[in-house]
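Protein chains: 2
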Amino acid sequence: MQRALDINRSRFADWYQAVVRDADMAETSPVRGAMVIKPWGYGVWEQIQQELDRRIKATGHENCYFPMFIPLSFIAKEAEHVEGFAKEMAIVTHHRLKMIDGKLQPDPEAKLEEPLVVRPTSETIIGDAFARWIKSHRDLPLLINQWANVVRWEMRPRLFLRTTEFLWQEGHTAHATEAEAVEETRKMLEVYRSFAEDVLAMPVVAGEKPENERFPGAVNTYSIEAMMQDGKALQAGTSHFLGTHFAEAQSIKFQNDAGGMDFCNTTSWGVSTRLIGGVIMTHGDDDGLRLPPAIAPRQIVVVPMLRDKPEDTEVLAYCESLVEALGKLSVFGQRVRVLLDLKKIKSAEKRWNWVRRGAPIIIEIGPRDAAGGNITYMRRDTLRDGDKVRSIAVGRQEFIEEKAVQLLAEIQHSLYSEAKARLDANIKSGVTDWAGVESYFSGSDEEFKGWLRISWSKPSGADLEKVDARLKTLKLTIRNAPSQQPDTFAPCLFTGKPGVEEILIARAY
Amino acid sequence: MQRALDINRSRFADWYQAVVRDADMAETSPVRGAMVIKPWGYGVWEQIQQELDRRIKATGHENCYFPMFIPLSFIAKEAEHVEGFAKEMAIVTHHRLKMIDGKLQPDPEAKLEEPLVVRPTSETIIGDAFARWIKSHRDLPLLINQWANVVRWEMRPRLFLRTTEFLWQEGHTAHATEAEAVEETRKMLEVYRSFAEDVLAMPVVAGEKPENERFPGAVNTYSIEAMMQDGKALQAGTSHFLGTHFAEAQSIKFQNDAGGMDFCNTTSWGVSTRLIGGVIMTHGDDDGLRLPPAIAPRQIVVVPMLRDKPEDTEVLAYCESLVEALGKLSVFGQRVRVLLDLKKIKSAEKRWNWVRRGAPIIIEIGPRDAAGGNITYMRRDTLRDGDKVRSIAVGRQEFIEEKAVQLLAEIQHSLYSEAKARLDANIKSGVTDWAGVESYFSGSDEEFKGWLRISWSKPSGADLEKVDARLKTLKLTIRNAPSQQPDTFAPCLFTGKPGVEEILIARAY
């Protein structure tokens with residue numbers, strides 16, 4: 043049986059584009075670098091939002107909304123932050139258009155005194171509010187989150203992975219002590235890790251970023267890193283301990299128990315629509331997308347096999363009662379999301395649409411199923427037996443009462459296990475010299491490469507820059523130092539000095 | 043007992059500001075005209091979003107996300123649309139900042155070839171996608187919605203009511219026939235009407251806007267209008283039939299049954315964070331906000347009366363088990379939202395915080411309640427008996443099993459009834475001449491004025507402009523022609539010609 047996509051994973055970048063297009067997730071727009079997120083793609087984002095929002099609230103955070111325009115002077119306050127973001131921001135300079143010489147253009151008389159920056163992230167504008175809101179230690183901790191769009195100008199955009207405008211959540215918190223802020227930073231990293239693994243079925247390695255990969259203005263940056271099916275790493279979420287850097291730049295102070303004024307310690311953390319790119323590159327196969335049931339906008343799709351014949355009525359009625367019964371079931375603490383596909387296209391076309399879109403269970407109902415009280419289903423995670431599509435027939439009652447919920451849980455688990463096995467099998471330890479690195483990453487760029495886990499002496503400043511430059515010759519970066527570390531270390535691969543930490547090096551998105 | 047606010051409704055504009063501030067809903071920001079929506083205000087928006095989103099999906103619409111930047115040339119395509127919006131848009135002209143002469147500023151080398159407009163609304167950018175997506179009549183109707191931030195430059199901003207940046211949903215649909223598009227426009231108006239009345243407990247009059255108040259580029263605009271407690275009208279939602287105007291400007295065409303190409307008929311409709319301003323001005327009283335339970339982020343708040351004494355432990359345990367039991371109840375199809383207020387401030391201060399914020403039921407638990415198995419509660423909708431606060435004691439079990447859910451439904455209903463009675467009592471019919479209009483709207487601006495329902499001949503063009511100018515002398519506008527019309531009409535108040543329609547005239551936000 044022909045594959046649903048005409049491009050397989052051996053041409054990974056092309057395959058990715060084909061999946062995004064054929065699964066109807068998103069498309070490029072006439073605005074350079076900004077995408078249109080289509081209903082099926084946005085439906086995935088809504089599931090992500092709902093479940094992650096629940097977890098962010100369960101850890102004590104409240105949602106707010108802050109202006110998306112940031113006065114230029116705010117950005118200028120924190121020097122490192124300027125350095126990190128100044129290069130890629132959209133700048134509003136006028137507040138009116140005017141027809142001049144028959145051409146619509148910015149009205150010179152409506153030039154802003156101070157240009158406004160479209161938020162690339164909101165530390166500065168939220169910090170300004172924190173400075174007003176926080177007076178005493180009784181106002182701390184202050185735990186805030188917002189769901190918003192942000193803009194970072196992208197010269198080489200890719201749908202979901204790197205777009206000029208993207209959607210995300212950004213958490214911002216202020217604390218009385220460094221210890222509490224560090225604890226918060228790590229707690230939210232753990233929220234991201236468990237969300238990625240339990241909900242997105244995307245195994246990750248949580249750890250600390252090296253100094254040269256920190257968020258501009260952060261003391262420490264932590265990340266979760268996921269392995270895509272081409273072996274490259276995807277930074278899927280970050281959590282930053284900002285120390286008192288932003289608090290000092292913005293005067294975020296509180297009266298301590300003794301009556302004196304202290305600067306707050308702050309944190310920030312975020313994940314974005316990039317996660318959807320991660321899901322696609324983790325679970326997609328040669329037939330298109332495979333969605334973990336926990337985030338599939340529709341977990342079960344029912345396709346009636348209609349033939350413009352009298353028995354169509356019976357088939358439709360059978361499908362409707364099936365959909366109604368399935369919609370009353372619960373899985374992952376929510377009602378099962380089920381759809382009866384009534385589009386006026388051929389049923390074979392519907393099947394392949396849902397295969398490409400990655401609906402976890404696709405049910406096809408023909409006159410014989412309806413007459414015999416059966417259903418025929420396909421599991422998207424194990425769609426084929428060799429080249430043949432695997433269709434499974436089962437009694438209607440059995441499917442509703444025993445199978446449906448169990449299958450969804452099984453698919454969620456099997457997608458995770460498959461990805462976890464790939465991650466574990468492709469992090470290679472034991473390489474101790476540069477020649478070993480070169481050999482591991484030799485060969486064509488198209489070839490699958492995993493990650494190396496190596497020991498280093500954690501050089502800083504100029505020494506780290508040297509390491510970074512050397513890695514760049516092989517298109518490599520340090521992903522993070524995993525949270526789980528051994529007790530003893532091999533000598534540093536770069537400097538030969540005693541090792542103090544293990545890090546992951548990889549090619550990355 | 044002293045009121046919770048220091049300003050009463052006789053000074054309405056000041057009172058509104060005080061409620062927004064003291065209920066901790068929102069505040070102004072350092073960005074001119076843009077507000078910060080604080081957790082309690084954003085919590086209300088989340089409830090609005092959740093319930094309205096459910097209704098928008100139930101009527102067959104799917105959510106998407108489109109770029110917030112719109113190329114200037116897109117705006118220029120639809121002449122009326124340009125005219126209507128060109129005056130108030132934020133314009134992005136550069137994509138990079140640079141340090142020049144020690145000052146951070148837009149990099150002249152990063153000037154955009156074509157300026158980008160921050161969306162004031164998305165007809166043009168969504169229409170561009172529609173033109174790509176729609177090929178044949180089988181692609182119709184196309185029913186899309188998005189939740190987004192939009193920007194319209196405001197010179198006289200007011201929190202929630204008129205802000206430079208605001209949050210909203212915008213529906214955009216395309217249809218094969220005019221009849222279907224008109225039906226969609228009316229259907230969504232009805233969704234807004236029932237949402238406003240059933241969920242926000244805010245009675246409205248649905249009807250059609252006069253020609254001079256139409257959305258730029260629309261054939262017909264419909265609105266729901268609500269009466270605030272100062273008698274002014276608030277346009278709370280709009281639904282537009284756009285005919286083929288945008289389709290022609292953007293080439294949104296489909297192949298009809300006969301194989302020829304037809305332009306689509308399109309619609310758009312939206313409500314925004316302005317609704318929150320409407321809720322405040324509909325339900326607030328001299329003690330602050332009163333929130334309809336259906337949108338209160340917390341429907342029941344439990345305040346433990348702690349005294350730093352040994353019995354505190356017992357009081358707390360009693361409160362915790364109460365909160366747990368209440369949280370298992372359901373109202374309006376969802377779990378009851380209940381909070382145990384453990385902030386480290388005095389319990390009297392907590393009480394007044396929740397009164398000002400408008401939590402529908404506030405429960406106070408002291409040692410005597412805990413020992414006796416009772417609870418003491420206040421209903422926010424009927425807080426006082428004269429000047430005295432009404433506290434009601436009832437057995438814990440009775441409250442949980444019989445009272446709580448019933449009370450929340452009762453409060454929702456009583457807030458609606460109160461507002462509905464005010465609306466009905468303050469729409470005056472029977473005025474037939476201009477002198478009657480002048481007399482009705484005479485007196486100080488601070489005085490409560492209702493609306494007039496008058497008959498007119500529906501003049502158009504220059505004749506309508508004359509009517510409009512005359513109304514402006516009294517600061518009046520035509521709100522809409524209510525959907526419910528009588529069979530016969532008095533002569534036109536303005537022209538003396540035979541009347542064809544009744545319209546509402548009022549002062550408005």
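Heads up: the protein sequence lines correspond to chains A and B, in order.
Going by the working numbering, the first residue of the first sequence is number 43, and it counts up by one from there.
Going by the working numbering, the first residue of the second sequence is number 43, and it counts up by one from there.
Ideal Cβ positions, reconstructed from N, Cα and C, are used throughout, including at glycine.
Note that the coordinates shown come from a computational prediction; the quantities given were computed from them, not determined experimentally.
message: Against chain B, with Cβ distances strictly below 8 Å, would A/Leu535 count as a contact?
response: By one-based count along the first sequence, residue 535 of chain A stands at place 493. A/Leu535 does not count as touching chain B.
message: Measuring alpha carbon to alpha carbon, tell me which residue in A/Gly492, A/Thr324, A/Glu125, A/Tyr458 is nearest A/Val473.
response: Here residue 473 of chain A corresponds to residue number 431 of the first sequence, with the count starting at 1. That would be A/Gly492, whose Cα lies nearest to the Cα of A/Val473.
- request: Could you check the C-alpha separation between B/Ala46 and B/Tyr58 for me, to the nearest Å?
  value: Taking the first residue of the second sequence as position 1, residue 46 of chain B is located at position 4. Taking the first residue of the second sequence as position 1, residue 58 of chain B is located at position 16. Cα-Cα distance, rounded: 14 Å.
message: Beta carbons nearer than 8 Å to chain B: which residues of the region 97-122 of chain A have them?
response: Answer set for the region 97-122 of chain A: Glu104, Asn105, Cys106, Tyr107, Phe108, Pro109, Met110, Phe111, Ile112, Pro113, Leu114, Phe116, Ile117, Ala118.
- request: Taking B/Glu544 as part of the alpha helix (DSSP H), name the residues at either end of that continuous run.
  value: Within the second sequence, the letter at position 502 stands for residue 544 of chain B. Careful: B/Glu544 lies outside any alpha helix (DSSP H), inside the beta strand (DSSP E) at 543-548.
- request: Please name the residue in A/Pro335, A/His282, A/Ala550 whose C-alpha comes closest to that of A/Val313.
  value: As a position in the first sequence, residue 313 of chain A is number 271, starting the count at 1. Looking at the Cα atoms, A/His282 is the closest of the given residues.
task: Taking only beta-carbon positions, decide if B/His136 is within less than 8 Å of chain A.
output: Along the second sequence, read from residue 1 onward, the residue named residue 136 of chain B stands at position 94. Cβ-Cβ to chain A under 8 Å: yes for B/His136.
message: Per DSSP, what are the beta-bridge partners of A/Ala223 in this structure?
response: Looking up residue 223 of chain A in the first sequence gives position 181. Beta-bridge pairing links A/Ala223 to no other residue.
Where A/Tyr264 falls: helix, strand or coil (DSSP): Looking up residue 264 of chain A in the first sequence gives position 222. Residue state, collapsed to three classes: strand.
task: In angstroms with no decimal places, state the Cα-to-Cα distance between A/Gln448 and A/Ala268.
output: Your numbering for residue 448 of chain A matches position 406 in the first sequence. Your numbering for residue 268 of chain A matches position 226 in the first sequence. The straight-line gap from Cα to Cα measures roughly 27 Å.
task: Return the first residue and the last residue of the alpha helix (DSSP H) that A/Asp510 is part of.
output: Numbered from its first residue, the first sequence carries residue 510 of chain A at position 468. Membership of A/Asp510 in the alpha helix (DSSP H) is indicated by the continuous run 503-515.
query: Per DSSP, B/Met269 forms a beta bridge with which residues?
result: Counted from its first residue, the second sequence places residue 269 of chain B at position 227. Note: B/Met269 sits in a beta bridge opposite B/Ala275.
field: Whole-number beta carbon distance between B/Glu544 and B/Ser497, since they are thought to touch under 8 Å
entry: As a position in the second sequence, residue 497 of chain B is number 455, starting the count at 1. As a position in the second sequence, residue 544 of chain B is number 502, starting the count at 1. So it is a contact: roughly 5 Å between Cβ atoms.
query: For A/Val542, is the classification buried or exposed, using 16 other Cβ atoms within 10 angstroms of its Cβ as the cut-off for buried?
result: Residue numbering aside, residue 542 of chain A sits at position 500 when the first sequence is read from its first letter. Exposed is the call here.
Beta carbon proximity, B/Ser71 to chain A, threshold 8 Å: Mapped onto the second sequence, residue 71 of chain B falls at position 29. Taking 8 Å as the threshold, the shortest C-beta distance from B/Ser71 to chain A falls below it.
message: Any contact between the region 246-261 of chain A and the region 339-350 of chain A? By contact I mean 3 or more CB pairs, one from each, below 8 Å.
response: no
query: Hey, how far is the Cα of B/Gly415 from the Cα of B/Ile434?
result: Taking the first residue of the second sequence as position 1, residue 415 of chain B is located at position 373. Taking the first residue of the second sequence as position 1, residue 434 of chain B is located at position 392. If you draw a straight line from the Cα of B/Gly415 to the Cα of B/Ile434, it comes to about 14 Å.
Buried versus exposed, by CB contacts within 10 Å (16 or more), A/Met323: As a first step, residue 323 of chain A must be located in the first sequence, where it is residue number 281. With 16 or more other Cβ atoms within 10 Å, it is buried.
query: Does the count of Cβ pairs from the region 201-220 of chain B and the region 425-445 of chain B closer than 8 Å reach three?
result: The answer is no - the region 425-445 of chain B does not touch the region 201-220 of chain B, with fewer than three Cβ pairs under 8 Å.
- request: Just mark B/Pro335 as buried or exposed, buried being the case when its beta carbon has 16 or more other beta carbons within 10 Å.
  value: Position 293 of the second sequence, counting from 1, holds the residue named residue 335 of chain B. Looking at its Cβ environment, which holds 16 or more other Cβ atoms inside 10 Å, B/Pro335 is buried.
query: Is it buried or exposed for A/Leu384, if we count other Cβ within 10 angstroms and need 16 for buried?
result: Numbered from 1 along the first sequence, position 342 holds the residue referred to as residue 384 of chain A. With fewer than 16 Cβ atoms within 10 Å of its Cβ, A/Leu384 is classed as exposed.
query: Which of the residues in the region 382-399 of chain B, read from start to end, lie with their CB under 7 Å from any CB of chain A?
result: Lys386
message: At 3 residues or longer, what runs of the beta strand (DSSP E) sit wholly inside the region 447-487 of chain B?
response: 469-471
message: Whether or not the region 143-158 of chain B and the region 169-182 of chain A are in contact is what I'm after, with contact meaning three or more pairs of Cβ atoms, one per stretch, closer than 8 Å; do they touch?
response: no
task: Would you mind working out which of A/Glu130, A/Met197, A/Pro81 sits nearest A/Arg74, comparing C-alpha positions?
output: On the first sequence, position 32 is the one that residue 74 of chain A refers to. It is A/Met197 whose Cα lies nearest to the Cα of A/Arg74.
task: Enumerate in chain order the residues of its own chain whose CB-to-CB distance from A/Leu457 is below 7 Å, with the five nearest sequence positions on each side excluded.
output: Against the first sequence, residue 457 of chain A aligns to sequence position 415. Taken in chain order, the residues that qualify are Ala243, His325, Arg332, Pro334, Asp423.
- prompt: Helix, strand or coil: which one does DSSP assign to A/Gly249?
  reply: As a working mapping, residue 249 of chain A is identified with position 207 in the first sequence. The answer is strand: DSSP assigns A/Gly249 an E or B state.
Helix, strand or coil at B/His103 according to DSSP, with G and I counted as helix: Counted from its first residue, the second sequence places residue 103 of chain B at position 61. Note: B/His103 maps to coil in three-state DSSP.
task: Out of B/Phe127, B/Ser115, B/Gly538, state which residue places its alpha-carbon closest to the alpha-carbon of B/Asp170.
output: Your numbering for residue 170 of chain B matches position 128 in the second sequence. Residue B/Ser115 is the option with its Cα nearest to B/Asp170.
query: Cβ of A/Glu130 less than 8 Å from any chain B Cβ?
result: Sequence index remark: in the first sequence, residue 130 of chain A carries index 88 (1-based). It does: the Cβ of A/Glu130 has a partner Cβ on chain B nearer than 8 Å.
task: Sort out for me which residues DSSP pairs A/Ala523 with in a bridge.
output: On the first sequence, position 481 is the one that residue 523 of chain A refers to. In the DSSP output, where bridge partners are listed per residue, A/Ala523 has A/Glu250.
- prompt: Of the residues A/Val193, A/Asp329, A/Arg228, which one's Cα is nearest the Cα of A/Pro561?
  reply: Here chain A covers residues 43 to 551 and nothing more, so residue 561 of chain A does not appear.
field: Where B/Ile294 meets chain A, residues with beta-carbon distance less than 7 Å
entry: The residue labelled residue 294 of chain B in the question sits at position 252 within the second sequence. None at all; the shortest Cβ gap to chain A is about 15 Å.
task: Over the uninterrupted alpha helix (DSSP H) stretch that includes B/Pro334, give me the two end residues.
output: Locating residue 334 of chain B in the second sequence gives position 292, counting from the first residue. First-last for B/Pro334: undefined, no H or E at that position.
message: Count Cβ pairs between the region 504-511 of chain A and the region 477-496 of chain A that sit closer than 8 Å; are there 3 or more?
response: At 8 Å Cβ cutoff, the stretches do not touch.
- request: Put B/Phe208 into one of helix, strand or coil per three-state DSSP.
  value: Taking the second sequence and counting its residues from 1, the one referred to as residue 208 of chain B is at position 166. Residue state for B/Phe208 is assigned as strand, using DSSP reduced to three classes.
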